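Residue numbers (UniProt numbering): 1 to 152.
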């Protein structure tokens, strides 16, 4: 976990705009936006993060927990937060309607070279979602999945 001075230096090194710095500071200081719960097919739980010096929630032992292991042991990852504050996304439905709602990503990650939100989904889930919501989920040429409305 970064000290306040280390965080300040990281922001300066990356030349982050003031609004971005304030947004990240708010995420760093907030509690998770919601408590996770398991479903019929998922096992939820808590991971004791040494990197973050706190417990991190996960909603899926098959997708989110392995991702947490990856974050915890990556030298590129400085900090990560589960269930960061929600923000509004807008996108067009299949029928052309404009949709908008508040969205809580699974994680917010601070890396040496940047920061961003991550939603953990299986490849199978994403392939189904891209058919139902083609303006919300997109597979890039490099094979990575993105959500353009969440990136704006």
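Heads up, the beta-carbon is just placed ideally off N, CA and C, and yes, glycines get one too.
All figures in this text were calculated on a predicted structure; none of them were measured in a lab.
Restricting attention to beta strand (DSSP E) runs no shorter than 3 residues, the segment 5-48 encloses none. According to the DSSP secondary-structure assignment, residue 82 is paired through a beta bridge with 107. Under the three-state reduction of DSSP, residue 130 is assigned to helix. Annotated three-state conformation of residue 69 is helix, per DSSP. In the same chain as residue 34, and ignoring 5 residues on each side of it, the C-beta atoms closer than 8 Å to its own belong to 83 and 104, in chain order.
In the three-state scheme derived from DSSP, where H, G and I count as helix and E and B as strand, residue 124 is classed as helix. If you draw a straight line from the Cα of residue 100 to the Cα of residue 136, it comes to about 11 Å. A residue is called buried when at least 16 other Cβ atoms come within 10 angstroms of its Cβ; residue 98 does not meet this threshold and is exposed. With a contact defined as Cβ atoms closer than 8 Å, residue 44 and residue 67 miss out at about 14 Å. In the assembly as shown, residue 79 is a buried residue. Its beta-carbon has 16 or more other beta-carbons within 10 Å.
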